[in-house]
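Order-wise, the sequence lines are chains A and B. The first sequence: position 166 = 165 (numbering that gives the first Met the number 0), numbered continuously. The second sequence: position 17 = 16 (numbering that gives the first Met the number 0), numbered continuously. We put the beta carbon where it would ideally sit given N, CA and C, even for glycine. Working notes, structure below.
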Amino acid sequence: MTLDQLMSSVAYERARYQGRERVMEMLVDGSIDDHPMTTKVDATIELLSYPIARMIVSAVADPGFVRRYAIAEAKKANERLRNEDIPFVMKVAGELGLDVSPEDGGFSIDFADFLRFSAKMRSKSWKLVNQKIQKGRVQLTKYRLTRIIESVLTEKFSSELPLEVNEAILGKFAREIEEIKAVLEVRRKEQRTEGMGRVSIVRFPPCMKKLLEMIRAGENVPHSGRFALVAFLHTLGMDSEEILETFSTAPDFDERKSRYQVEHISGEISGTEYTPPECSTMKSYGICFDPDDLCQRIKHPLSYYRFKRRAFRSRK
Amino acid sequence: MPLDESTRFVMRMFSKHYREAPLHMPDRFSKREFGFMFFDRQGMVRHVGFPQRAQLKNYLVEQVPAHVYYSCAYYEKPDAQTMAEKSWQGADLIFDLDADHVEGAQDLPYAKMLVRVKEEVIRLIDEFLLGDLGFDQDDLRIVFSGGRGYHVHISDPKVLKLSSHERREIVDYITGTDLDIDWVFPSTTFEIGRFKDRVDADRKRAMPLASEGGWRARMRKGIDSLLEELERLTNTEATMRLAEMFKDSKREIGKKTIEGLYKDLFGGRKGRRGVDRMRDENTFEVFSEKRHADAFMDLVDMRVRVKMKGETDEPVTSDIKRLIRLPSSLHGKTGFEVVPLDRDRLDEFDPFRDAVPETLGDEAVEIVLENPVQLDLRDERFDLGPGKAEVPTFAAVHLICRKQARIGP
Numbered sequence: 000m001t002l003d004q005l006m007s008s009v010a011y012e013r014a015r016y017q018g019r020e021r022v023m024e025m026l027v028d029g030s031i032d033d034h035p036m037t038t039k040v041d042a043t044i045e046l047l048s049y050p051i052a053r054m055i056v057s058a059v060a061d062p063g064f065v066r067r068y069a070i071a072e073a074k075k076a077n078e079r080l081r082n083e084d085i086p087f088v089m090k091v092a093g094e095l096g097l098d099v100s101p102e103d104g105g106f107s108i109d110f111a112d113f114l115r116f117s118a119k120m121r122s123k124s125w126k127l128v129n130q131k132i133q134k135g136r137v138q139l140t141k142y143r144l145t146r147i148i149e150s151v152l153t154e155k156f157s158s159e160l161p162l163e164v165n166e167a168i169l170g171k172f173a174r175e176i177e178e179i180k181a182v183l184e185v186r187r188k189e190q191r192t193e194g195m196g197r198v199s200i201v202r203f204p205p206c207m208k209k210l211l212e213m214i215r216a217g218e219n220v221p222h223s224g225r226f227a228l229v230a231f232l233h234t235l236g237m238d239s240e241e242i243l244e245t246f247s248t249a250p251d252f253d254e255r256k257s258r259y260q261v262e263h264i265s266g267e268i269s270g271t272e273y274t275p276p277e278c279s280t281m282k283s284y285g286i287c288f289d290p291d292d293l294c295q296r297i298k299h300p301l302s303y304y305r306f307k308r309r310a311f312r313s314r315k
Numbered sequence: 000m001p002l003d004e005s006t007r008f009v010m011r012m013f014s015k016h017y018r019e020a021p022l023h024m025p026d027r028f029s030k031r032e033f034g035f036m037f038f039d040r041q042g043m044v045r046h047v048g049f050p051q052r053a054q055l056k057n058y059l060v061e062q063v064p065a066h067v068y069y070s071c072a073y074y075e076k077p078d079a080q081t082m083a084e085k086s087w088q089g090a091d092l093i094f095d096l097d098a099d100h101v102e103g104a105q106d107l108p109y110a111k112m113l114v115r116v117k118e119e120v121i122r123l124i125d126e127f128l129l130g131d132l133g134f135d136q137d138d139l140r141i142v143f144s145g146g147r148g149y150h151v152h153i154s155d156p157k158v159l160k161l162s163s164h165e166r167r168e169i170v171d172y173i174t175g176t177d178l179d180i181d182w183v184f185p186s187t188t189f190e191i192g193r194f195k196d197r198v199d200a201d202r203k204r205a206m207p208l209a210s211e212g213g214w215r216a217r218m219r220k221g222i223d224s225l226l227e228e229l230e231r232l233t234n235t236e237a238t239m240r241l242a243e244m245f246k247d248s249k250r251e252i253g254k255k256t257i258e259g260l261y262k263d264l265f266g267g268r269k270g271r272r273g274v275d276r277m278r279d280e281n282t283f284e285v286f287s288e289k290r291h292a293d294a295f296m297d298l299v300d301m302r303v304r305v306k307m308k309g310e311t312d313e314p315v316t317s318d319i320k321r322l323i324r325l326p327s328s329l330h331g332k333t334g335f336e337v338v339p340l341d342r343d344r345l346d347e348f349d350p351f352r353d354a355v356p357e358t359l360g361d362e363a364v365e366i367v368l369e370n371p372v373q374l375d376l377r378d379e380r381f382d383l384g385p386g387k388a389e390v391p392t393f394a395a396v397h398l399i400c401r402k403q404a405r406i407g408p
C-alpha cells in the first residue's frame with residue numbers, strides 16, 4: 000500500500016472517512032470515541048484512520064490544536080492499554096524508552112522518568128514524597144504505569160506533529176481543513192472577548208493584593224515580589240503603561256527604573272515573556288501572604304483569579 | 000577608592016593562591032557562565048565565559064575576585080547577556096545546606112555551627128541522595144562552601160534536563176513536604192453493621208512497613224524509635240515526656256488523653272500490649288478511644304515527620320540557572336578554600352584544618368586585633384589578645400577576611 004493509494008483508492012474510502020471522524024470527534028468532544036472492532040476489516044480501518052487523522056491535523060497546523068489532538072490520542076491509547084496484559088504493557092513501555100521492571104504486584108520506573116512524566120499530574124497522590132521509592136525506583140500499579148505511558152505518548156505525538164504535508168493531501172482534505180480552521184477561529188474569538196476582561200483587583204489572590212498594597216505604600220518589596228506581581232498583571236493582559244500607572248502612586252516611584260523592570264518582565268526588552276511563579280515558588284521566596292480557603296485548592300496564583308472570575312460569572 | 004593595607008594584603012595572598020594552586024574545572028567548562036564579586040569594586044560581574052582553563056586562571060590571578068561563581072547550568076553561549084540568547088542546555092542538580100537551614104545552628108559559634116551542618120549534610124547524602132534516590136557515589140560531588148555550609152552537585156545525566164518544577168518535587172521529597180499521612184497509614188474499609196438498607200462502615204488503619212521504602216519506611220523507623228524511647232521510661236516519666244511533646248500541638252491535649260494514650264500503648268501484659276500489636280501485627284488500631292488515636296497521629300505528624308526530614312535550601316535546588324561557588328576558589332569572607340570532597344573524606348573533614356589554603360604559607364605577619372580571639376587553625380591554637388600580634392600568613396588571611404583583625408595602624 001502506498002500513500003497515494005491510501006489517499007485516493009476507493010478501497011480506502013472508509014478509512015479516510017474514519018480518519019476525518021477521528022479528528023472531528025476530537026474537535027467537538029475533546030476525545031476520540033471508541034469504535035467497535037468486531038472484524039479484521041474494522042480493525043484495519045481503525046488502524047488506517049490514524050495516519051489519515053495525523054495528516055489532517057498536520058495540514059491544519061495550529062499548535063494548540065496539535066497539542067489537544069496529541070492529548071486525545073494518548074488518552075485513547077491509555078484506555079486500550081489498560082485492558083492489555085502485563086507483558087504487553089511492559090513491551091509498549093520499553094519501546095517508548097521507559098526503563099520498567101516488574102515488581103511484586105506492579106512495576107517500577109526510575110524516579111527521574113517518574114518526575115518528568117508526572118509533572119502535569121497535580122494531585123497530592125502523584126507527588127514524589129507520596130511514592131514507594133527504593134534505590135531510585137518508584138513503584139507503580141499497572142493503572143499508574145499506563146497513565147505514565149499516556150504522558151510519554153502525549154509528548155511523543157506533540158513532538159512528531161505537524162508532519163510535512165504535500166499538495167495532494169491539502170487538496171484531498173481541503174474541506175475538512177477549512178471547517179476545522181473556521182471552528183478554531185470562532186473559538187479563539189470567543190476566548191479573546193472573554194479574555195481576562197477588565198482586571199479586577201477584588202479577584203486577586205491574597206499574595207498579589209498584599210504585594211500591590213506594599214508597593215503602593217512604598218514598602219520595601221523584595222525583587223521576587225515585584226517580579227511576581229508584574230508578571231501576574233502582565234499575564235492578565237495589562238500592558239506596560241497600565242502596570243506602571245498602577246505603581247505610580249508609590250511614594251518612592253522611580254519611573255525610569257520601574258519602566259525598565261516592567262518592560263523586561265513583559266518581554267519588551269528581553270524577548271522572554273515571564274509568567275508569575277506557582278504557589279510553591281511563592282512560598283519558598285516567602286511572598287505567599289495570608290492564604291485563604293481557595294488557596295488550599297489551587298497551585299498557581301492565576302488559577303485563583305480565573306476561579307474567582309468564573310464564580311463571579313455564574314452568580315450573575 | 001584607595002585600598003587599605005589589609006585589603007591589599009588579602010588580595011596579594013588570593014592572587015598567590017590562584018597562581019600556585021591547581022584549579023578545579025567543572026565538566027563542560029566552556030559552556031558554563033562565570034560570575035565574580037570583588038574586594039575593590041561594588042556589584043557582580045557575570046555573563047562571563049572562558050573557552051579555556053588558562054583564561055580563567057589569568058582572570059583570577061589578575062583581577063583577584065573575592066568570590067568566584069559558576070553556573071550549575073551549561074549553555075550554548077554562556078557569555079550572552081540574556082537567558083534566551085544563552086540557550087539553556089541542562090544543569091547539574093544542586094543541594095545547598097548552610098547554617099540558616101539547620102535548626103539551632105545559627106546561634107552556635109562558627110566552628111560548632113559547621114560541625115552541626117555537616118551532620119545534616121551527611122544525613123542528606125546517605126539517607127536521601129545515595130539511599131532513597133539511589134544516586135551513585137561517583138555522580139556526587141560534595142563541596143565545602145568556604146562559608147557556612149556545604150554543597151552537593153549531581154551530574155548524573157538523568158537529572159540534567161529536569162525542570163525547576165521537577166527539582167522542587169525532589170526538595171519536597173527530602174523535606175517531607177506535603178507528605179500525605181493517610182497514604183503513610185494505608186486503610187481498609189470494613190463493615191461494622193447493617194440496619195435495614197444502611198451499611199455502617201469504618202476504616203482500619205495499618206502501620207507503614209519498613210520494607211515499603213520511601214517515606215513509609217522512614218516514618219515506620221521514626222515511630223519505632225519514638226516507641227522505644229517511651230518504653231524505656233517509667234509511667235510517670237513517659238507521661239511527662241509526652242506532655243512536653245504535645246506542648247506545640249495545634250489542639251489541647253489534656254492529661255487524661257495522655258494517660259489514656261500511654262495505657263493503650265504500654266498497659267497490660269508484655270507481649271499483648273498495644274505497642275506489641277503495633278510492632279508485630281502492623282496495625283494502628285490499638286487505641287481504646289478516638290482521641291487517643293488522634294493524639295498519637297499528632298505526634299507522628301509533629302515529631303516523627305519533622306525529626307525524619309532532611310534539610311536543604313529549596314530555591315537553590317529549584318533554580319536551574321543558579322550561580323554557585325567554584326570548587327578550589329577562595330571565599331572572600333573567610334579566606335577558606337572551597338574544597339571539593341568525596342563521601343569518604345567528608346566524615347573526617349574539618350574546615351579549620353583542611354580548608355586553610357596550602358598556598359598561603361606560614362611566614363609571620365603582624366596584625367592588629369580589636370577584640371581577643373581564640374582560634375584553632377591547621378592544628379595550631381591561637382589565643383590572641385587585643386592589640387598587636389604576630390601570626391602565620393594563613394591565620395592572618397582568615398582573621399582579616401572575617402574582619403577580626405587588620406594590618407597597619
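query = Which word fits Arg215(B), buried or exposed, when buried means at least 16 other C-beta atoms lie within 10 angstroms of its C-beta?
reply = Per the 10 Å Cβ criterion, buried.
inquiry  = Output needed for Ser14(B): all residues of its chain with C-beta closer than 7 Å, excluding positions within five of it in sequence on either side, in chain order.
reply    = Excluding residues within five positions, the ones whose Cβ falls inside 7 Å are Val60, Val63.
message = Tell me which residue opens and which closes the beta strand (DSSP E) that Tyr73(B) is part of.
response = According to the DSSP assignment, Tyr73(B) belongs to the beta strand (DSSP E) that extends over 64-74.
inquiry  = What are the residues in the region 101-123 of chain A lying within 7 Å of chain B by C-beta distance?
reply    = Residues passing the 7 Å Cβ filter: Asp109, Phe110, Ala111, Leu114, Arg115, Ala118, Lys123.
query = If you check the beta carbons only, do Gly221(B) and Met307(B) fall under 9 Å apart?
reply = Against a cut-off of 9 Å, the Cβ pair of Met307(B) and Gly221(B) comes out as a contact.
inquiry  = By the DSSP assignment, the alpha helix (DSSP H) with Phe286(B) in it spans what residues?
reply    = Where Phe286(B) is concerned, there is no enclosing alpha helix (DSSP H), given that its DSSP letter is neither H nor E.
inquiry  = With H, G and I counted as helix, E and B as strand and the rest as coil, what does DSSP make of Gly133(B)?
reply    = Under the three-state reduction of DSSP output, Gly133(B) falls in the coil class, being neither helix nor strand.
key: chain A within 9 Å of Met206(B), Cβ atoms only   = Taking Cβ atoms only, chain A never reaches closer than 9 Å to Met206(B), which makes this a no.
query = When we look at the beta-carbon of Arg314(A) and count the other beta-carbons within 10 Å, is it buried (16 or more) or exposed?
reply = Confidence at Arg314(A) is low in this model, with a pLDDT of 47, below 50, so its placement is unreliable and the value that follows should be read with caution. Exposed, by the Cβ-count rule.
ask   = Does the distance from the CB of His16(B) to the CB of Gly145(B) come in under 9 Å?
value = No. Outside cutoff.
query = Quick one: what's got a C-beta closer than 8 Å to Arg258(A)'s C-beta in the same chain, skipping five residues either side?
reply = If you ignore the 5 residues before and after Arg258(A), its C-beta comes within less than 8 Å of the C-beta of Ser239, Leu243, all in its own chain and listed in chain order.
task = In the DSSP assignment, find the beta strand (DSSP E) that holds Ile191(B) and state where it starts and stops.
result = Residues 186-194.
query = For Leu260(B) versus Leu241(B), is the C-beta distance shorter than 9 Å?
reply = Yes, the Cβ-Cβ distance between Leu260(B) and Leu241(B) is below 9 Å.
query = According to DSSP, is Lys387(B) helix, strand or coil?
reply = Strand at Lys387(B).
request  = Can you pull the chain B residues whose beta carbon is under 7 Å from the beta carbon of Gln295(A), in chain order?
outcome  = By Cβ distance, chain B contributes nothing, its closest Cβ being about 12 Å from Gln295(A), past 7 Å.
ask   = Thinking C-alpha only, which one of Val114(B), Leu113(B), Leu345(B), Thr392(B) is nearest Ile124(B)?
value = Among Val114(B), Leu113(B), Leu345(B), Thr392(B), the Cα nearest to that of Ile124(B) belongs to Leu345(B).
request  = Can you grab the Cα-Cα spacing for the pair Ala53(B) / Leu22(B), in whole Å?
outcome  = Looking at the two C-alpha atoms, the distance is approximately 10 Å.
request  = Please classify Arg380(B): does DSSP put it in a helix, a strand, or coil?
outcome  = In this structure, DSSP gives Arg380(B) an extended state, which the three-state scheme calls strand.
Length of the line joining the Cα atoms of Arg377(B) and Phe94(B) = Rounded to whole angstroms, Arg377(B) to Phe94(B) spans 28 Å at the Cα level.
inquiry  = Here's a check: name, in chain order, each residue in its chain whose Cβ is nearer than 6 Å to the Cβ of Met112(B), leaving out the five neighbours to either side.
reply    = Cβ neighbours of Met112(B) beyond the five flanking positions: Ala98, Ala104.
key: For Asp375(B) and Tyr74(B), the rounded distance between their alpha carbons   = As the crow flies, the alpha-carbon of Tyr74(B) is around 42 Å from that of Asp375(B).
query = Going by beta carbon distance, what residues of the same chain come within less than 7 Å of Lys387(B), once the five residues before and after it are set aside?
reply = Cβ neighbours of Lys387(B) beyond the five flanking positions: Glu365, Val367.
ask   = Do Thr140(A) and Gly104(A) come within 9 Å of each other at the CB atom, strictly closer than that value?
value = Inclusion of Gly104(A) and Thr140(A) in the CB contact set at 9 Å is warranted, their separation being smaller than that value.
task = State yes or no: is the beta carbon of Glu262(A) nearer than 9 Å to at least one beta carbon in chain B?
result = Chain B, which has no Cβ nearer than 9 Å to the Cβ of Glu262(A), makes this no.
query = Which class does Met36(B) belong to by DSSP, given the choice of helix, strand or coil?
reply = Taken through DSSP and simplified to helix, strand or coil, Met36(B) comes out as strand.
request  = For Met36(A), collect the residues of the same chain with a Cβ closer than 8 Å to its Cβ; drop the 5 residues on either side in sequence, then sort them by chain order.
outcome  = Excluding sequence positions up to five before and after Met36(A), its CB lies within less than 8 Å of the CB of Ala42, Glu45, all in the same chain and listed in chain order.
key: Extent of the continuous beta strand (DSSP E) to which Arg272(B) belongs   = Per DSSP, Arg272(B) belongs to no beta strand (DSSP E) and is neither H nor E.
request  = Would you mind stating whether Gly34(B) and Tyr69(B) have Cβ atoms separated by less than 9 Å?
outcome  = Taking 9 Å as the Cβ cut-off, Gly34(B) and Tyr69(B) qualify as a contacting pair.
key: Partners in chain B for Thr271(A), counting only beta-carbon separations shorter than 8 Å   = Per Cβ cutoff of 8 Å: Thr81, Met82, Ala83.
ask   = From Pro350(B) to Phe143(B), what distance separates their C-alpha atoms?
value = Each residue's alpha carbon lies about 8 Å from the other.
query = So what's Met43(B) in DSSP terms, helix, strand or just coil?
reply = Met43(B): strand per DSSP, three-state reduction.
query = Taking just the CA atoms, how far does Gly236(A) sit from Gly194(A)?
reply = Annotation note: pLDDT 48 at Gly194(A) (below 50); position unreliable, coordinate value reported separately. Near 8 Å, if we compare the C-alpha coordinates of Gly236(A) and Gly194(A).
Neighbourhood of Lys209(A) by C-beta, 6 Å cutoff - its chain only, sequence neighbours within 5 removed = Closer than 6 Å at Cβ, skipping near neighbours: Phe288.
inquiry  = For chain A, check one thing: does any of its Cβ atoms lie closer than 9 Å to the Cβ of Phe283(B)?
reply    = No Cβ of chain A is located within less than 9 Å of the beta carbon of Phe283(B).
key: Minimum Cβ-Cβ distance from Lys306(B) to chain A less than 9 Å   = It does not: the Cβ of Lys306(B) has no partner Cβ on chain A nearer than 9 Å.
task = Mind the definition here: the region 45-55 of chain A touches the region 93-100 of chain A only if three or more C-beta pairs lie below 8 Å; say whether that holds.
result = No, the region 45-55 of chain A is not in contact with the region 93-100 of chain A.
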